[in-house]
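In the working numbering, the protein residues as written are 2 to 142. These notes are about the structure you will find just below.
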């Protein structure tokens, strides 16, 4: 009987098994919660990356418009001088045509600058949600 007293009995195993089982359930729940949080954050990250790609495409488009308008303005200014007003008022005509295209280029450049300056911080929503998660975890600890 002394051997039975030294070895764990059947009555002791369920007592040890209960807290360990609860611990594993708690760990499983924590891991499931962490996976769910990570999944939500990754979805938010991909959404924000798509939005950033659209913003970059817009910036590239306006850059192209500005460059093409400036190039066309210069080219047309040269053509006006050469062909149309070679003998009379060539300066006034070339200034008018050039001015129109430079105004278009200026508007495009200002739009581009406004878009670059006013763009939201990259991954702003994801960073805000991660900060909230960190604060909640710190409060619980």
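Positions of the beta carbon are idealized from the N, C-alpha and C atoms, including for glycine.
Taking residue 66 as reference, the option from 89, 49, 33 and 106 with the minimal CA-CA separation is 106.
When DSSP states are grouped into helix, strand and coil, residue 121 belongs to the coil group. Here residue 40 carries a helix assignment [DSSP, helix/strand/coil]. DSSP, reduced to helix, strand and coil, places residue 134 within a helical segment of the structure shown. Residues of the same chain with a CB within less than 6 Å of the CB of residue 31, apart from the 5 flanking positions on each side, do not exist. Taking the C-beta atoms as reference points, residue 103 is found no nearer than 9 Å to residue 129. A Cβ-Cβ contact shorter than 9 Å links residue 56 with residue 116. Taking the Cα of residue 119 as reference, the smallest distance to any Cα among 59, 21, 86 and 68 is reached at 59. When the alpha-carbon of residue 69 is set against those of 48, 23 and 110, the nearest one is in 110. Taking 9 Å as the cut-off, the Cβ atoms of residue 64 and residue 113 count as close.
Our two residues, residue 100 and residue 51, have alpha carbons roughly 38 Å apart in a direct line.
With contacts defined as CB atoms closer than 9 Å, residue 49 and residue 125 qualify as a contacting pair.
For the pair residue 77 and residue 98, the CB atoms are nearer than the 9 Å cut-off. Under the three-state reduction of DSSP output, residue 55 falls in the helix class.
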